[in-house]
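The numbering of the sequence shown is our numbering, which starts it at 17 and goes up by one.
The beta carbon of each residue, even a glycine, is placed where N, CA and C say it ideally should be.
Keep in mind it's a predicted model, so treat the numbers as computed, not measured.
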Amino acid sequence: MKYARYLVLWLTVLAIAAMAMPVSHGNIEVPAGTTITIRLERELSSNRSFSGEQFTASLALPLIVNGRVVAKQGSEVRGRIVGVSGRSGASAYLVLELNQLVLADGWVKSIATEPLARRSEAHATGSQSWNFPAVGTSVGAAVGKGRGAALGATIGASLRGLSAIGTQTQPVVIKPSELLMFRLKATRQP
17 MKYARYLVLW LTVLAIAAMA MPVSHGNIEV PAGTTITIRL ERELSSNRSF SGEQFTASLA
77 LPLIVNGRVV AKQGSEVRGR IVGVSGRSGA SAYLVLELNQ LVLADGWVKS IATEPLARRS
137 EAHATGSQSW NFPAVGTSVG AAVGKGRGAA LGATIGASLR GLSAIGTQTQ PVVIKPSELL
197 MFRLKATRQP
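This is the structure we're talking about:
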């Protein structure tokens, strides 16, 4: 009788522990749209990174499906940069995707996420932004009527081109302290 109690108690503890253990076998369908929240291991920047570059991160929150832990908090996640611009032009951007996840049982599985994009607009370095073609047209119209307006617009457009020299593109920078949220595309975890 005494041993039966211990056996029941021991089996109960094992059952509770088994429910809390991460999933390690069997097919688990991770629904499309499931959110994966990560933190990067290093900073990414649109003016230093390149398309195709790989990066690593860690799960900021555990990935749980149907009450079971598929991947623990802190599990390694791998991804790549699928688009980058920031060296010239009117805007800078970074586009990231995740492609691998280390599961709770240690297996590395391929995943597919929707792209995550960050963008930065260009801004003028001066204190004001002028519409040079409109200013040129107004001045040209006042000075030389119709023909002066066309000439003023052309000069104004040229000034607008020169004003781009005073425009800077701020790089997109993603720091390791930021939380990034990705949405899974349909994937199957064996």
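DSSP beta-bridge partners for residue i?
i       : result
Tyr-51  : The question names Tyr, but residue 51 in the sequence shown is Thr. DSSP output for Thr-51 lists Arg-199 as bridge partner(s).
Gln-70  : Arg-96
Ser-101 : Tyr-109
Ala-87  : Leu-79
Val-118 : Val-124
For the beta strand (DSSP E) containing residue i, list its first residue and its last residue.
i       : result
Ser-126 : 124-126
Taking residue i as the reference, which of the options has the closest Cα?
i       : options                              : result
Ala-87  : Pro-131, Ile-54, Gln-70 and Gly-99   : Ile-54
Leu-117 : Val-111, Arg-94 and Val-100          : Arg-94
Trp-123 : Val-81, Leu-56, Glu-92 and Arg-64    : Glu-92
Leu-195 : Thr-51, Glu-45 and Pro-47            : Thr-51
Leu-112 : Met-197, Leu-132, Glu-59 and Leu-119 : Leu-132
Arg-134 : Ala-120, Met-197, Glu-45 and Leu-119 : Met-197
Glu-45  : Ile-190, Lys-125 and Glu-130         : Lys-125
Leaving out five residues before and five after residue i in sequence, what residues of the same chain have Cβ atoms less than 8 Å from its Cβ?
i       : result
Leu-77  : Thr-53 and Gln-89
Ser-136 : Ser-62, Gly-102, Ser-107, Ala-108, Tyr-109, Thr-185, Gln-186, Pro-187 and Val-188
Glu-57  : Phe-71, Thr-72, Ala-73, Ser-74 and Pro-192
Ile-80  : Val-86
Gly-49  : Arg-199 and Leu-200
Ser-67  : Ile-97, Val-98, Gly-99 and Val-100
Glu-59  : Val-189, Ile-190, Lys-191 and Pro-192
Can you tell me whether residue i is helix, strand or coil according to DSSP?
i       : result
Glu-113 : strand
Ala-76  : coil
Arg-58  : coil
Ala-133 : strand
Glu-194 : coil
Val-188 : coil
Ser-179 : The pLDDT assigned to Ser-179 is 46, lower than 50, so where the model puts this residue is not dependable; a value taken from the coordinates is nonetheless given after this. The answer is helix: DSSP assigns Ser-179 an H, G or I state.
In its own chain, which residues sit with a C-beta less than 7 Å from the C-beta of residue i, not counting the 5 before and 5 after it?
i       : result
Gly-83  : none
Ile-127 : Leu-114, Asn-115, Gln-116, Leu-117, Leu-200 and Thr-203
Pro-47  : none
Can you give me the Cβ contacts of residue i inside the same chain, cut-off strictly under 6 Å, excluding the 5 residues immediately before and after it?
i       : result
Glu-130 : Arg-199
Arg-64  : none
Does the beta carbon of residue i come closer than 7 Å to any beta carbon on chain B?
i      : result
Gln-89 : The structure shown contains no chain B, having only a single protein chain.
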